[in-house]
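As structure tokens, the structure follows; a few thoughts come after it.
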Amino acid sequence: MSAEEIKKNVYWVGAIDWNVRDFHGYSTNKGTTYNAYLIKDEKNILFDTVKGPFEHEMLHNINSVMNPKDIDYIVVNHVELDHSGYLPEMIKLCQPEKVFCSPMGKKAIESHFHPEGWPLEVVKSGDSISSGSKTIQFLETKMLHWPDSMFSYIPEDKLLISSDAFGQHWATTERFSDQVPAPELMDHCEKYYANILTPFSPNTQKLLAKVAEMGLDIDMIAPDHGLIWRDNPGDIIAAYDRWSSYTADRTAVIIYDSMWHSTEKMAKSISNGLLSEGVQSRVMSAKVNHRSDIMVEVLRAKGLILGSPTLNNGVMPTMADVCTYVKGLRPRKKVGGCFGSFGWSGESVKHLNGFLEAMQCEIVEPGLKIKNVPTHDQFKECFELGVSVGKAVNAAFDD
Ligand code: FEO
Numbered sequence: 000m001s002a003e004e005i006k007k008n009v010y011w012v013g014a015i016d017w018n019v020r021d022f023h024g025y026s027t028n029k030g031t032t033y034n035a036y037l038i039k040d041e042k043n044i045l046f047d048t049v050k051g052p053f054e055h056e057m058l059h060n061i062n063s064v065m066n067p068k069d070i071d072y073i074v075v076n077h078v079e080l081d082h083s084g085y086l087p088e089m090i091k092l093c094q095p096e097k098v099f100c101s102p103m104g105k106k107a108i109e110s111h112f113h114p115e116g117w118p119l120e121v122v123k124s125g126d127s128i129s130s131g132s133k134t135i136q137f138l139e140t141k142m143l144h145w146p147d148s149m150f151s152y153i154p155e156d157k158l159l160i161s162s163d164a165f166g167q168h169w170a171t172t173e174r175f176s177d178q179v180p181a182p183e184l185m186d187h188c189e190k191y192y193a194n195i196l197t198p199f200s201p202n203t204q205k206l207l208a209k210v211a212e213m214g215l216d217i218d219m220i221a222p223d224h225g226l227i228w229r230d231n232p233g234d235i236i237a238a239y240d241r242w243s244s245y246t247a248d249r250t251a252v253i254i255y256d257s258m259w260h261s262t263e264k265m266a267k268s269i270s271n272g273l274l275s276e277g278v279q280s281r282v283m284s285a286k287v288n289h290r291s292d293i294m295v296e297v298l299r300a301k302g303l304i305l306g307s308p309t310l311n312n313g314v315m316p317t318m319a320d321v322c323t324y325v326k327g328l329r330p331r332k333k334v335g336g337c338f339g340s341f342g343w344s345g346e347s348v349k350h351l352n353g354f355l356e357a358m359q360c361e362i363v364e365p366g367l368k369i370k371n372v373p374t375h376d377q378f379k380e381c382f383e384l385g386v387s388v389g390k391a392v393n394a395a396f397d398d
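Throughout the sequence shown, residue numbering follows numbering that gives the first Met the number 0, covering 0 to 398 in sequence.
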């Protein structure tokens, strides 16, 4: 790869990480990119850096446009190390006149790098700088993805450099959204939103309202990961509005694990009950589905049903993993319930209900516990649990 001009005298100079497979518990099974951008002008400006050890790729790309030592300013839109990993070395190399960051960015830089003599300059929402022919306006975007995050908007180019927001973990040689299949791109965006930004949905709603109020004219969004949105940025903005407002499908997801297949059989009966109410579902074993793929279905579905047998007075370790992960991502506005088989003590349903309560889920039934192997009549109870949740899902759409 070499640098790619995305707007006149604005270049992508990032790096492609084909092989990364984990981002803090999120399965990045198609890799990712660390996007950095460069304006070549009277003042040469670099926006973010890359994760180590990808600096050689970034330097190669910058060198294809200019000598890195000629960079005058660095803008730190986000301090997380996948974007600032090479910042200290870059500052040593190019000795910039200024390093711009948000107020929280300064604190994050100080606590990560303990810098001495860095020419930090704090910018706030509404502040702007000039490269000569271009204006760079800053907008703080707290919690998208960290407190320090900010956007850089270039009105002359209708270009929004959006840091983590609107990105995807997808390693490609294509750089633009219109060069790849749209459904696949949106799937990656959805997984990224579900697993990174769901906890910050209220912040996302506020930010989208702020961007609309400011009337920013945007025809390209350049995120720090994945493909650049060219010509169709409205698609991803609309998707973010949908996801961050907890808009779900009239469907349900059943997440479970099983020891001797009783809980698994219960899951299937519950699914049949949902279907009898016209509610389609996904039945996902926590043993074979990755937590981050399960989270995508949680984002999509209105109904959320958890199942586990009781193991050592608790739940199966796989369910503890998935439920802890999903709870931390703070999905909201779900309806659901819990179920599980047990041998002698039967606490799993109580624990699963606790996870649903923490997610502020509307629990439509107290929870269904069945001793060892379900009887024919007990399968009917499972079916009825599915019916109850199905009715609650439908009620949410019929209100
Ligand atoms: Fe891509 Fe929050 O870092």
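Every residue gets a Cβ at the ideal spot worked out from N, C-alpha and C, and that includes glycine.
Original post:
Do W117 and ligand 1 come close, with the Cβ less than 7 Å from some heavy atom?
Top reply: No, the beta carbon of W117 sits no closer than 7 Å to any heavy atom of ligand 1.
Original post:
Do I217 and F165 have their C-beta atoms closer together than 8 Å?
Top reply: no
Subject >> A14: first and last residue of the uninterrupted alpha helix (DSSP H) it sits in >> reply: Per DSSP, A14 belongs to no alpha helix (DSSP H); it is in the beta strand (DSSP E), 14 to 16.
**OP:** With distances taken Cα to Cα, identify the nearest neighbour of G339 among L355, M358, K370.
**Re:** K370
**OP:** Sort K390, D21, H59 by Cα distance to I195 and report the nearest one.
**Re:** D21
**OP:** Tell me, to the nearest whole angstrom, how far the beta carbon of W242 is from that of Y324; I am working on the premise that it is less than 8 Å.
**Re:** W242 to Y324, Cβ: 18 Å. No contact.
Original post:
If we call anything under 8 Å between Cβ atoms a contact, is V314 one with S291?
Top reply: no
Subject >> Cβ separation of A396 and K368, assumed to be a contact under 8 Å, to the nearest whole Å >> reply: First, the residue type needs correcting, since residue 396 is Phe and not Ala in the sequence shown. Taking the Cβ atoms as the reference, F396 lies roughly 30 Å from K368, outside the contact range of under 8 Å.
Subject >> Three or more C-beta pairs below 8 Å linking the region 327 to 334 and the region 371 to 385 >> reply: no
Subject >> Any chain B beta carbon closer than 8 Å to L206 >> reply: The chain inventory of the structure shown lacks chain B, comprising one protein chain alone.
Original post:
In chain order, what are the residues with a CB under 5 Å from some non-hydrogen atom of ligand 1?
Top reply: E79, D81, H144, D163
Original post:
So Y255 is in the beta strand (DSSP E); what residue range does that whole segment cover?
Top reply: Annotation for Y255: the continuous beta strand (DSSP E) segment containing it runs 248 to 255.
Original post:
What does W228 pair with, by DSSP beta-bridge criteria?
Top reply: I220
Original post:
Roughly how many angstroms separate the alpha carbons of F354 and C322, rounded to a whole number?
Top reply: 7 Å
Subject >> Contact check, M318 vs A285, beta carbons under 8 Å >> reply: Result yes, Cβ atoms of M318 and A285 sit closer than 8 Å.
**OP:** For E356, I'd like the list of residues in its chain whose CB is within less than 8 Å of its CB, leaving aside the five on either flank, ordered along the chain.
**Re:** The beta carbon of E356 is closer than 8 Å to those of I362 in its chain, skipping five residues each way along the sequence.
Original post:
Is it the case that the Cβ atoms of I135 and S151 are separated by a distance below 8 Å?
Top reply: yes
Subject >> D248 to G302 span [Cα, whole Å] >> reply: 9 Å
Original post:
Any idea if E109 is buried or exposed, counting beta-carbon neighbours within 10 angstroms, 16 or more meaning buried?
Top reply: With fewer than 16 other Cβ atoms within 10 Å, it is exposed.
Original post:
Are P67 and C100 close, meaning C-beta to C-beta below 8 Å?
Top reply: Their beta carbons are not under 8 Å apart, which means P67 does not touch C100 by this criterion.
Original post:
For I15, which residues of its own chain have a beta-carbon under 6 Å away from its beta-carbon, when the five flanking residues on both sides are left out?
Top reply: T32, A170
Original post:
Taking the runs of the alpha helix (DSSP H) that are 4 residues or longer, which of them lie wholly in the region 155 to 229?
Top reply: 181 to 191, 200 to 213
**OP:** Assign T203 to buried or exposed, taking buried as 16 or more other Cβ atoms, counted over all protein chains shown, within 10 Å of its Cβ.
**Re:** It counts as buried.
Original post:
Under 8 Å between the Cβ atoms of W343 and R174?
Top reply: no
Original post:
By how many angstroms is the C-alpha of V49 removed from the C-alpha of Y80?
Top reply: The sequence shown places Leu at residue 80, not Tyr. L80 and V49: Cα-Cα distance of roughly 8 Å.
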